[in-house]
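Protein chains in written order, with my numbering: chain A, 1 to 346; chain B, 1 to 346.
Structure (structure tokens):
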């Protein structure tokens, strides 16, 4: 499908635009550069073997833009082999990533330049099949890279908010098999984030509690939607899950900023996350899912009413006409049932 | 995939629940009954031949629930052959459709019964392949059935809002090939609808104009995103299109209520809609899309700031991690380019 989209784009525009429907307060990145990206899944079959031309494989570093950050062995050079995790610019970016923040500005009513950063976090030098999951130790390294990159973005003038996410499998929007996450940083805090912060702040001012701290306590108490819990991390299928087997992981102690999560929290998160992903793959072989990190804006102070979380969103069903019209979701698996299925076996 | 979801549902719950995340004001229908629906597309291949067990085919009326409305030849009986359009209950409903509105009520904090109506509008007695499009005359009949059913729902106590939509093709969430639309009626006006009405009302009170009437005039004037226009209907790719080739059809004269659109508007809509769908199929063979009708709540008075519209939402790309986190969309085809491609050839 992406080839087809490309062929229609006879004169691709170089720049992304950020457009808004002012009545609906709905925002869109018009990103012609993404039309030309290749797609491992385009043929509809799952290619699991090593790919000599995969730009994410070790030895193919010359196929990517310059690395922005890497975990690599001593005495190895940037943009060559010897790394375990590598952060590179996305070659088909959703945002225009020229250096100059001055590029960001209104070009007409309800249109600004779609400026920002769009990077790929290559999780491993190996072309692993989708069904594999990294070890807790390797996930720990990946989570640390997320933190480091979020802190780096604080120092780039103009960036206000960053999303770290993973599209796993074709139904989740992935176009490459080689395991990778992405990070998109924007010069504006999206309204969905601002609304959640505002609602949480209101709750906190009215009750003296963070609403998600209350939720964590209630889910542990109730236990019917609980998947797993440690001293630092809790995982549950939320009461109003949008997707079958949707699972949220939150720190038990209040924190709005993932980038400042201490080692003991990363340790617990990196041990619990792969266990849930392995269980999900056992239950639904070949499952596609999105991982989405919800954390505070880059320059926000500590927020007493906002609590960071990592969401696992399995993609077994899609949005359809009803969902686009109503903004509501239809989920055919009750979260209580989902939690029962995902809970670790004895 | 749906078979797999079914097998996990060892003890399906009979009732749908409507659940809310109160912090995000996000609503979900937990609908276990939908887990057991069959799927023509499950094998991944497109089955285009006639299906002896298709419940939507003429002659198979005994496979469906009782018809709620039909266009049928004189001297034929309900629930038998002889019809051209037939409205039946959805066998795998998103909402619990027991007769009693008293079923709708709070069952716990942030949970109510998911009561309402979920029906299928079978567009034709024939098992037509997805690539076919009805004639303008037949679309006219289908649009009249939409109107009639919306008016019928006004007389069912407790129903407040109805969505008419079409899921065309597997990427748009369709599970049956036989051409059909759906209608879901709810005892609550979803917040997305209420928000749009409120924003339009504010605009109208501030400016004395309907914002979409202003938009229609501006798009006709500008013409860069215009697909087609008649004396009654205008079609354009909106400035902040969420999807490649997204197209909106609106009446040129202000109206908030599709159910009361006069014959000349239906005539123009039913001539323009199939022409765009045919062009879309030419440009992207096998394209999946959603049609979504946005109209006023069932019991709303004439709304000066709300303007009904029919949206065509081609589904070439999906929601992925960034979209779930930000609430923003990424669209790789600029609407100006999309309109150029969709515009009728000379």
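For glycine and all other residues, C-beta sits at the position ideal for the given N, C-alpha and C.
- Task: Just mark residue 231(B) as buried or exposed, buried being the case when its beta carbon has 16 or more other beta carbons within 10 Å.
- Result: exposed
- Query: Can you tell me whether residue 259(A) is buried or exposed, with buried defined as 16 or more other CB within 10 angstroms of its CB?
  - Reply: buried
- Report the residues of the region 318-329 of chain B with a CB closer than 7 Å to any CB of chain A, ordered along the chain. 318, 319, 320, 321, 322, 324, 325, 326, 327, 328 and 329
- Query: Where in the region 161-209 of chain A do unbroken runs of the beta strand (DSSP E), each at least 3 residues long, occur, reported from the N-terminal end onward?
  - Reply: 161-168 and 180-186
- Is it the case that the Cβ atoms of residue 30(B) and residue 110(A) are separated by a distance below 9 Å? no
- Whose C-beta lies closer than 7 Å to the C-beta of residue 67(A) among residues of the same chain, with five residues either side of it excluded? 78, 79, 86, 87 and 88
- Message: So that I know if they touch, is there some Cβ in chain B lying closer than 9 Å to that of residue 195(A)?
- Response: yes
- If you follow the beta strand (DSSP E) that residue 232(B) is part of, which residue opens it and which one closes it? Careful: residue 232(B) lies outside any beta strand (DSSP E) and carries neither H nor E.
- Query: If the cut is a Cβ gap below 7 Å, which residues of chain A does residue 30(B) touch?
  - Reply: 331 and 334
- Task: Could you tell me the distance, in whole angstroms, from the CA atom of residue 138(B) to the CA atom of residue 269(B)?
- Result: 12 Å
- Chain-ordered residues of the region 177-195 of chain A with a beta carbon less than 8 Å from chain B: 182, 184, 186, 190, 191, 192, 193 and 195
- Query: Bridge partners of residue 311(A), per DSSP?
  - Reply: 248(A) and 292(A)
- Query: Leaving out five residues before and five after residue 161(B) in sequence, what residues of the same chain have Cβ atoms less than 8 Å from its Cβ?
  - Reply: 185, 186, 188, 189, 190, 193, 297 and 298
- Item | Min CB distance residue 200(A) to chain B below 9 Å | yes
- Task: Starting from residue 70(B), follow the alpha helix (DSSP H) in both directions and report where the run begins and ends.
- Result: Per DSSP, residue 70(B) belongs to no alpha helix (DSSP H); it is in the beta strand (DSSP E), 69-72.
- Query: Hey, does residue 203(A) have any beta-carbon neighbour from chain B nearer than 9 Å?
  - Reply: yes
- Can you list, in chain order, the residues of the region 213-245 of chain A whose Cβ is nearer than 8 Å to any Cβ on chain B? 238, 239, 240, 241, 242 and 244
- Check the Cβ of residue 165(B) against every Cβ in chain A and list those closer than 8 Å, keeping chain order. 320, 321, 322, 324 and 325
- Query: residue 212(A) by DSSP, collapsed to three states: which one?
  - Reply: helix
- Task: Assign residue 329(B) to one of three DSSP states: helix, strand, or coil.
- Result: strand
- Message: Excluding the 5 residues flanking residue 327(B) on each side, which residues of the same chain have their C-beta closer than 8 Å to its C-beta?
- Response: none
- Look up residue 241(A) in the DSSP assignment and say whether it is helix, strand or coil. coil
- Task: Starting from residue 271(A), trace the alpha helix (DSSP H) both ways and give me its first and last residue.
- Result: 263-283
- Query: Do you know whose CA, among 98(B), 124(B), 128(B) and 94(B), lies nearest residue 118(B)'s CA?
  - Reply: 94(B)
- Query: For residue 264(A), which residues from the same chain have a beta carbon less than 6 Å from its beta carbon, with the 5 sequence-adjacent residues on both sides left out?
  - Reply: 232
- Query: Any contact of the region 159-179 of chain B with the region 284-292 of chain B, i.e. 3+ C-beta pairs under 8 Å?
  - Reply: yes
- Quick one: Cα of residue 61(A) to Cα of residue 52(A), how far? 12 Å
- So residue 17(B) is in the beta strand (DSSP E); what residue range does that whole segment cover? 17-21
- Among 154(B), 240(B), 83(B) and 64(B), nearest to residue 141(B) - alpha-carbon criterion: 83(B)
- Does the beta carbon of residue 46(A) come closer than 9 Å to any beta carbon on chain B? For residue 46(A), the predicted model reports a pLDDT of 46, less than 50, meaning its position is unreliable and no value from the coordinates is stated.
- Option nearest residue 313(A) by Cα separation, candidates 148(A), 180(A), 249(A) and 337(A): 249(A)
- Message: With three or more beta-carbon pairs closer than 8 Å as the criterion, would you say the region 147-158 of chain B touches the region 216-228 of chain B?
- Response: no
- Which of the three DSSP states, helix, strand or coil, is assigned to residue 30(B)? strand
- Can you tell which of 69(B), 18(B), 342(B) and 325(B) has its C-alpha closest to the C-alpha of residue 183(A)? 325(B)
- Since residue 275(A) meets chain B, which of its residues come closer than 9 Å, beta carbon to beta carbon? Under the 9 Å cutoff, chain B gives no residues; its nearest Cβ is about 19 Å from residue 275(A).
- Message: So the candidates are 211(A), 126(A) and 203(A); which of them puts its Cα closest to the Cα of residue 59(A)?
- Response: 126(A)
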